[in-house]
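Chemist: For reference, the structure I am asking about is given below.
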Amino acid sequence: HVVNYDVPSAPEAYVHRIGRVGRAGREGIAITLAEPREQRLLKNIERVTGSPISIEKVPTVEDLRNRRMELTMATLRETLQSEDLDRFRTVVESLSEDSDLFQIALAAVKLAHEATVGSEDIEEIPEVASRPSRNAKDSTKRGPHAKKGSPNQKGSRRSEGSAGMTRLYFGAGRATGIRPKDLVGAIANETKLSGKDIGSIEIQDRFSLVEVPESAVDEVLWAMKRTTLKGKKTKVRRERFDSPSD
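Laid out in structure tokens, this is it:
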């Protein structure tokens with residue numbers, strides 16, 4: 002199997018990546034982790050390859066726990082068929098003198114479960130709507146380069162961007178407590194840009210978009226690789242899309 006941790010911007014790159022699952026007559030599954038904003042890339046890949054891509058939701062923590070418990074039960078059922086259990090009889094007999102057999106079984110299942118699936122410390126991934134509402138309040142913080150206008154004009158501006166400005170994607174948003182001043186501070190402190198040089202800032206649950214002068218893009222990208230945002234390393238790159246619907 003092949004797992005893509007992002008969607009390649011070029012369909013040819015995607016085909017090259019997943020080609021290995023079908024080599025030498027083999028079959029496999031290609032799984033691609035995609036954000037709602039990357040649906041356009043997926044559609045483009047479908048168009049070029051002529052093959053549909055099945056969209057599935059990221060499993061919840063509860064889904065993962067249920068699946069792990071199923072694996073534990075399957076392991077125990079297989080072990081119960083083993084002929085090599087008698088050597089553990091003395092352990093059970095010794096423990097049964099002080100504990101109930103059912104409690105002993107529970108402890109054994111717990112050990113087997115932890116050995117099979119490891120830690121249960123899993124972080125829930127928040128669900129992100131594929132089409133953010135254009136009328137949502139505070140979804141866009143407008144900087145000195147933003148032009149005033151109607152809601153429709155704002156949506157159009159978001160699609161096209163300001164002249165001479167480029168939007169950068171930051172892989173952190175409201176879910177991690179990111180605020181406009183955090184983004185402005187990180188950029189201004191690590192580059193030659195000042196707060197007034199930074200354009201509009203849009204903060205979603207899991208990512209943020211920040212406009213910076215096109216001439217300063219490389220400087221900002223270089224600087225952000227060497228610093229943190231609220232104490233954490235954050236992925237920063239050029240925004241892949243111009244459409245607000247992705």
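Position 97 (the sequence shown) corresponds to 98 in my numbering; numbering is contiguous.
Every residue gets a Cβ at the ideal spot worked out from N, C-alpha and C, and that includes glycine.
It should be emphasised that the depicted structure is a prediction, and the values quoted were computed from it without experimental measurement.
1. Decide if Y15 is buried, meaning its Cβ has at least 16 other Cβ atoms within 10 Å, or exposed.
2. Quick check: the Cα distance between A164 and I202, rounded to an integer number of angstroms?
3. For the structure I just gave you, are there three or more beta carbon pairs, one from the region 165-178 and one from the region 208-224, closer than 8 Å?
4. Helix, strand or coil for A35 per DSSP?
5. Please state the DSSP three-state secondary structure of T177.
6. Short of 7 Å in beta carbon distance, which residues of its chain neighbour V185, apart from the five on each side in sequence? Order them along the chain.
7. Please state whether DSSP places R241 in a helix, a strand or coil.
8. Can you round the beta-carbon distance between G174 and Q205 to whole angstroms, since I take them to be within the 8 Å contact cut?
9. State the Cα-Cα distance for the pair V3 and R88, rounded to the nearest angstrom.
10. Could you compute how far the alpha carbon of L77 sits from the alpha carbon of E84?
11. What are the residues that DSSP puts in a beta bridge with N5?
12. State the Cα-Cα distance for the pair K142 and T229, rounded to the nearest angstrom.
13. Evaluate Q40 with the Cβ neighbour count: other Cβ atoms within 10 Å of its Cβ, from every protein chain shown; 16 or more gives buried, anything less gives exposed.
14. Looking only at DSSP bridge pairs, what is Y15 linked to?
15. Roughly how many angstroms lie between the CA atoms of A217 and R241, to the nearest whole one?
16. Return the CA-CA distance between L107 and S97, expressed in angstroms with no decimal places.
17. Can you grab the Cα-Cα spacing for the pair A189 / M70, in whole Å?
18. How far does the beta strand (DSSP E) with S95 in it extend, from its first residue to its last?
19. Would you identify the three-state DSSP class for K233, choosing helix, strand or coil?
Modeler: Walking through what the data contain:
1. The residue given as residue 15 occupies position 14 in the sequence shown. It is buried - the Cβ of Y15 has at least 16 other Cβ atoms within 10 Å.
2. Your numbering for residue 164 matches position 163 in the sequence shown. Your numbering for residue 202 matches position 201 in the sequence shown. Their Cα atoms are separated by approximately 15 Å.
3. yes
4. For this step, residue 35 is matched to residue 34 along the sequence shown. Secondary structure at A35: coil, using DSSP grouped into helix, strand and coil.
5. Mapped onto the sequence shown, residue 177 falls at position 176. Correct three-state label for T177: helix.
6. By 1-based counting over the sequence shown, the position of residue 185 is 184. Closer than 7 Å at the Cβ level, and outside the excluded window around V185, lie G196, I199.
7. For this step, residue 241 is matched to residue 240 along the sequence shown. In the structure shown, R241 sits in coil (DSSP, three-state: anything other than H, G, I, E or B).
8. Your numbering for residue 174 matches position 173 in the sequence shown. Your numbering for residue 205 matches position 204 in the sequence shown. The pair is a contact, with the Cβ atoms about 5 Å apart (cut-off 8 Å).
9. Sequence index remark: in the sequence shown, residue 3 carries index 2 (1-based). Sequence index remark: in the sequence shown, residue 88 carries index 87 (1-based). Using only the alpha carbons, I get a separation of about 42 Å.
10. Position 76 of the sequence shown, counting from 1, holds the residue named residue 77. Position 83 of the sequence shown, counting from 1, holds the residue named residue 84. Spanning the two alpha carbons is a distance of roughly 13 Å.
11. The residue labelled residue 5 in the question sits at position 4 within the sequence shown. In DSSP, N5 forms a bridge with T33.
12. What you label residue 142 is simply residue 141 of the sequence shown in a count that begins at 1. What you label residue 229 is simply residue 228 of the sequence shown in a count that begins at 1. Note that K142 has pLDDT 46, beneath the 50 cutoff, so the model's placement of it is unreliable and no number is given.
13. If you number the sequence shown from 1, residue 40 lands on position 39. It is buried - the Cβ of Q40 has at least 16 other Cβ atoms within 10 Å.
14. Position 14 of the sequence shown, counting from 1, holds the residue named residue 15. Paired residues: none, contrary to the question.
15. The count along the sequence shown starts at 1 and reaches residue 217 at position 216. The count along the sequence shown starts at 1 and reaches residue 241 at position 240. Rounded to the nearest angstrom, the two C-alpha atoms are 18 Å apart.
16. Residue mapping note: residue 107 aligns to position 106 of the sequence shown, counting from 1. Residue mapping note: residue 97 aligns to position 96 of the sequence shown, counting from 1. Roughly 13 Å separates the two Cα atoms.
17. Locating residue 189 in the sequence shown gives position 188, where the first residue counts as 1. Locating residue 70 in the sequence shown gives position 69, where the first residue counts as 1. Distance from the CA atom of A189 to the CA atom of M70, rounded to whole angstroms, is 49 Å.
18. What you label residue 95 is simply residue 94 of the sequence shown in a count that begins at 1. Careful: S95 lies outside any beta strand (DSSP E), inside the alpha helix (DSSP H) at 90-97.
19. Reading the sequence shown from its first residue, position 232 is the one you call residue 233. Note: K233 maps to strand in three-state DSSP.
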